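Numbering (the numbering used here), first residue to last: 6 to 66.
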């Protein structure tokens, strides 16, 4: 039980770290491309997985 909660909190915290990670973009054929949308998608997936792991933990109890 505690292990699932720890894993869920770990996923959520990594998701928040990815959300606030600032990575400079690059210049491509169409101009300056930023990687912020990729960071938002990755962080939302990680936060969602963390919440699902924690919810699953409560249902099995």
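Positions of the beta carbon are idealized from the N, C-alpha and C atoms, including for glycine. Keep in mind the model is a prediction, meaning the values are calculated, not measured.
Whole-angstrom C-beta distance between residue 21 and residue 58, which should lie under 8 Å:
Counting from 1 along the chain shown, the entry for residue 58 is found at position 53. Counting from 1 along the chain shown, the entry for residue 21 is found at position 16. Contact between residue 58 and residue 21 fails: their C-beta atoms lie close to 15 Å from each other, not under 8 Å.
Between which two residues does the alpha helix (DSSP H) holding residue 36 run?
Within the chain shown, numbered from 1, the residue matching residue 36 stands at position 31. Unbroken run through residue 36 is the beta strand (DSSP E), 36-38; no alpha helix (DSSP H).
Which whole-angstrom value describes the C-beta separation of residue 24 and residue 31, a residue pair presumed to lie in contact below a C-beta threshold of 8 Å?
By one-based count along the chain shown, residue 24 stands at place 19. By one-based count along the chain shown, residue 31 stands at place 26. Contact doesn't hold; Cβ gap of about 20 Å is too wide.
Could you compute how far the alpha carbon of residue 55 sits from the alpha carbon of residue 43?
Mapped onto the chain shown, residue 55 falls at position 50. Mapped onto the chain shown, residue 43 falls at position 38. Cα to Cα, residue 55 sits roughly 18 Å from residue 43.
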